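In what follows, a structure is listed as structure tokens, so that the remarks can point back to it.
Chains as they are written, first to last, in this note's numbering: chain A, 1244 to 1411; chain B, 1244 to 1411.
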């Protein structure tokens, strides 16, 4: 069976977001043990002008959800940024995974040349589906996922590559 | 044209490693301005039990090169870890890109079900080509690439998402 746009996107997002949720479960246990308030961990950054953990999780979710909705040509679901605790972020991840599961292979396969339009701060950008997935959506997703991991690791959470990659 | 194993791997690696080399160019200029010795930046970590920048760059290169060689079924090129300055790491990236350019689409396309065997610390692991690429090689590559970026960002280098993603 040859590689498809669906296989290269949706199942990858679901798997990696599941790993992030499990990492957040470890972060919640760590916060409990160390008496760290969730907003302290969630507000942590690697540099003062870099987004905090909360935003890294939000954007990881959104980049996956938006990629799938854009490739499938379905409406972007709304995800207001209202989370303030680790369980609320796990809930956001669960909702993102539920959305991803609602998108079928048939909706995404064949989207290699479908036009994808992004509204960026710098203006409108148009991509074809395949360069959008490989050159924008996947690197952007992994960027925020890894940064979330790195912020927690930097804050002393005992996690390793196996937590990031999950079971395969 | 439908997505292929080659397109989802080699051109992505080449593009992203080129971005990393450009980021290292900015790091060298920053080190020069701030009078920071290269080994100081290259030895920086986000946690004391996490690999330093030098290893993040080496593994990013190796994970790309090894993925391509394994999917193509060609011998793994040797890359001893001998770099001590930023230009030497840029040279390693250039060599990795040269290897990646030497692998053809014909060698990698159709590798979805090819058996890939990894020697891990925990023993031998066997994958099929597609789950190897999507569930191991790409997340591992992006993990080390983003961590390299994050270490430099944490050390004050003025870079942003546009440097990570590059031109697309």
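Cβ atoms here follow ideal geometry from the backbone N, Cα and C, with glycine treated the same way. These numbers come from a predicted model, not from an experiment.
Around the beta carbon of residue 1305 of chain B, 16 or more other beta carbons lie within 10 angstroms, which makes this residue buried. Per DSSP, the continuous alpha helix (DSSP H) segment holding residue 1350 of chain A begins and ends at 1348–1351. Between the alpha carbons of residue 1389 of chain B and residue 1283 of chain A lies a distance of about 23 Å. The C-beta of residue 1362 of chain A has fewer than 16 other C-beta atoms within 10 Å across all chains shown, which makes the residue exposed. According to the DSSP assignment, residue 1344 of chain A belongs to the alpha helix (DSSP H) that extends over 1329–1345.
For residue 1251 of chain B, the neighbours in chain A by C-beta distance under 8 Å run, in chain order, 1246, 1251, 1377. By a beta-carbon distance limit of 8 Å, residue 1307 of chain A does not contact residue 1376 of chain A. Their separation comes to about 11 Å. In this structure residue 1335 of chain B does not touch residue 1319 of chain B by the C-beta definition: roughly 15 Å separates them, more than the 8 Å allowed. In this chain, the alpha helix (DSSP H) harbouring residue 1276 of chain A covers 1253–1277. No residue range can be given for residue 1379 of chain A, since it is assigned to no beta strand (DSSP E) and is classified by DSSP as neither H nor E. Closer than 7 Å to the CB of residue 1355 of chain A there is at least one CB belonging to chain B. With a threshold of 7 Å between beta carbons, residue 1365 of chain A makes no contact with chain B.
Judged by their CB atoms, residue 1289 of chain B and residue 1297 of chain B are not nearer to each other than the 7 Å cut-off. When rounded, the separation of the alpha-carbon atoms in residue 1256 of chain B and residue 1352 of chain A is 23 Å. In terms of Cα proximity to residue 1405 of chain B, the closest of B/1245, B/1244, B/1266, B/1254 is B/1266.
Measuring C-alpha to C-alpha distances from residue 1378 of chain A to each of B/1248, B/1254, B/1244, B/1249 identifies B/1254 as the nearest. Among the residues facing chain B, residue 1284 of chain A is not included, as its CB has no counterpart in that chain under 7 Å away. Membership of residue 1317 of chain A in any alpha helix (DSSP H) is not indicated, and neither H nor E is assigned to it by DSSP. At least one CB atom of chain A sits nearer than 7 Å to the CB of residue 1373 of chain B.
Closest in C-alpha terms to residue 1280 of chain B, from the list B/1329, B/1382, B/1248, comes B/1329. Under DSSP, the beta-bridge partners assigned to residue 1367 of chain B are B/1362. Taking 8 Å as the upper bound for CB-CB distance, residue 1374 of chain B and residue 1408 of chain A are not in contact here, some 12 Å apart. Residue 1270 of chain B has its alpha-carbon roughly 15 Å from the corresponding atom of residue 1326 of chain B. Taking 9 Å as the upper bound on Cβ-Cβ separation, chain B lies near residues 1377, 1378, 1379, 1381, 1382, 1383, 1384, 1385, 1386, 1387, 1388, 1389, 1390 of the stretch 1377–1391 of chain A.
In chain order, 1360, 1361 place their CB closer than 8 Å to the CB of residue 1367 of chain A, counting only its own chain and leaving out the 5 sequence neighbours on each side.
Annotation for residue 1404 of chain B: the continuous alpha helix (DSSP H) segment containing it runs 1404–1408. Within chain A, the residues whose beta carbon sits less than 7 Å from that of residue 1290 of chain B are 1396, 1397, listed in sequence order. For residue 1294 of chain B, there is no enclosing alpha helix (DSSP H), as DSSP marks it with neither H nor E. Interface flag for residue 1408 of chain B against chain A is set, since a Cβ pair is found closer than 7 Å. In this structure, residue 1385 of chain A keeps its C-beta atom at 7 Å or more from the C-beta atom of residue 1392 of chain B. Cβ contact annotation for residue 1370 of chain B (same chain, cutoff 6 Å, sequence separation greater than five): 1359, in chain order. In the DSSP assignment, residue 1284 of chain B falls within the alpha helix (DSSP H) that extends over 1281–1285. Apart from the 5 residues on each side of it in sequence, residue 1324 of chain B sits with its Cβ closer than 6 Å to the Cβ of 1301 in its chain, given in chain order. Here residue 1342 of chain B has 1308, 1320 as same chain residues with Cβ atoms under 6 Å from its own Cβ, once five neighbours each way along the sequence are excluded. Of the residues B/1333, B/1345, B/1312, B/1387, the one whose Cα lies closest to the Cα of residue 1354 of chain B is B/1312.
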